[in-house]
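Asks: Would you mind keeping the following structure in view while I ask a few things?
Residue numbers (the working numbering): 1 to 216.
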């Protein structure tokens with residue numbers, strides 16, 4: 001059944017309003033930081049390159065845990081185990097996808113002056129991708145904490161639990177969450193050149209990556 005045209009119009013209007021709010025917030029912060037002596041440095045990447053770098057940066061971590069589990073549990077037929085746990089795997093994947101964005105927000109909100117008022121959650125419906133957006137500019141290490149929290153908790157944390165419990169379901173979920181954090185590790189890679197510098201990091205309003213403001 002086709003969606004009601006009125007509902008489509010309302011969704012589009014809401015999406016445009018949210019984007020306009022982001023752009024206005026970015027403009028205001030950019031002007032404010034410029035008056036404080038910060039120079040804007042782009043830290044963005046194309047979607048194609050981001051997908052490649054996601055596997056380059058997060059892939060080896062996922063592979064390491066996968067190999068470690070296999071070496072410790074060679075008697076487990078992984079494909080058979082995946083078939084057995086496929087329903088639970090799908091349900092946990094949906095749950096951890098939501099928690100992933102919540103952990104980003106939890107990591108960043110600690111350093112936001114306006115706390116949860118500065119954190120926005122939503123879904124890009126055209127790609128069914130949930131997101132977490134921080135409206136405040138943070139230091140590099142503050143931004144890294146929110147960026148890495150899902151990887152540490154849902155990826156490395158669950159994968160480590162799978163090794164300790166020899167649980168194949170946890171291994172599948174943990175390794176998948178490591179791969180899902182590939183976008184985060186890619187952004188972390190983009191920001192490495194600002195480590196040790198007096199910099200502020202702001203989520204880019206409409207591109208893959210961030211806006212870095214450096215006081216030189």
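Quick reminder that beta carbons are idealized off the backbone N, C-alpha and C, glycines included.
Quick caveat: nothing in here was measured; it's all calculated off a predicted structure.
1) In whole angstroms, what separates the C-alpha of residue 150 from that of residue 39?
2) Using 8 Å as the Cβ pair cut-off and three pairs as the minimum, do the stretch 155–171 and the stretch 117–134 touch?
3) I need the boundaries of the alpha helix (DSSP H) containing residue 202, first residue and last residue.
4) Only counting the same chain, and skipping five residues up and downstream in sequence, which positions put a Cβ closer than 7 Å to that of residue 101?
5) Considering residue 113, what are the terminal residues of the beta strand (DSSP E) in which it resides?
6) Helix, strand or coil for residue 135? Go by DSSP, reduced to three states.
7) What residue does the beta strand (DSSP E) around residue 209 start on, and which one ends it?
8) Do you know how far the Cα of residue 200 is from the Cα of residue 137?
9) Across which residues does DSSP place residue 150 in a beta bridge pair?
10) Taking only three categories from DSSP, how would you classify residue 43?
11) Please classify residue 56: does DSSP put it in a helix, a strand, or coil?
12) Could you give the DSSP three-state label for residue 37: helix, strand or coil?
13) Among all the DSSP beta bridges, which residues are the ones paired with residue 123?
14) Between which residues of its own chain and residue 189 is the CB-CB distance below 8 Å, once the five residues before and five after are set aside?
15) Would DSSP call residue 181 helix, strand or coil?
16) When you compare the CB positions of residue 205 and residue 74, do they come within less than 8 Å of one another, or not?
17) Between residue 174 and residue 145, what straight-line distance do the alpha-carbon atoms span, to the nearest angstrom?
18) How big is the Cα-Cα spacing for residue 89 and residue 37?
19) Tell me, to the nearest whole angstrom, how far the beta carbon of residue 33 is from that of residue 213; I am working on the premise that it is less than 8 Å.
20) Kindly indicate which three-state DSSP category residue 74 falls into: helix, strand or coil?
Replies: Based on what the coordinates show:
1) 30 Å
2) no
3) First-last for residue 202: 199–203, but that is the beta strand (DSSP E), not the alpha helix (DSSP H).
4) 121, 130, 131 and 132
5) No beta strand (DSSP E) holds residue 113; DSSP gives it neither H nor E.
6) coil
7) Counting along the chain, the beta strand (DSSP E) containing residue 209 begins and ends at 209–215.
8) A straight line joining the alpha-carbon of residue 137 with that of residue 200 spans about 6 Å.
9) Paired residue(s): none; residue 150 is not in a bridge.
10) strand
11) In the displayed model, residue 56 falls within a helix according to three-state DSSP.
12) coil
13) 130
14) 53 and 57
15) coil
16) no
17) Whole-angstrom Cα-Cα distance: 19 Å.
18) 49 Å
19) 5 Å
20) coil
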